[in-house]
Every structure is written in structure tokens, then in C-alpha cells.
Amino acid sequence: MEIAAVIFVLVMLGIAFISFRVLKRTVKLAFRLLLVLVLLLAAATGAVALLYFGGFLPGQ
């Protein structure tokens, strides 16, 4: 599960980077940054969920 969490974060970071670059010329900076923030929050939430339900957090 730990590897899955890392892969999930890397995929989400890649999607955030690609969407930032694609939207560079079409959308204002504030909207682009908001979209990237949402994607990064989704990545962090997913990684924590995978670690938590996978049982790899300390104390479990």
C-alpha cells in the first residue's frame, strides 16, 4: 500500500503539472493555481487514506 500511495501522489502531481501547462495560455493565473491546489489536495488526501487504511502509519 505504501508504494500505491507514492504512485498515486506522483500521478496526481503529473496531472497537476500538465493541467497547469495546458491552461497557461487560456486561463488567468488565479484559476490555474486554484485548480492545481485542488489537485494537490486530492493527491494528499488519497495518499493519507491509502496509508491509513493500508496500516502503515505508526501506532497501528
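All residue numbers for the sequence shown refer to the working numbering, where the first residue is 53 and numbers rise by one.
For every residue, glycine included, the Cβ atom is placed at its ideal position computed from N, Cα and C.
What you are looking at is a predicted structure, and each value in this text was computed from that prediction instead of being measured.
Using a 10 angstroms sphere on the CB of residue 56, the tally of other CB atoms stays under 16, which defines it as exposed.
For residue 75, no alpha helix (DSSP H) encloses it, and the DSSP letter there is neither H nor E. Between residue 64 and residue 95, the C-beta gap is smaller than 8 Å, which places the two residues in contact. Ranking 104, 99, 106 and 84 by CA distance to the CA of residue 69 puts 84 first.
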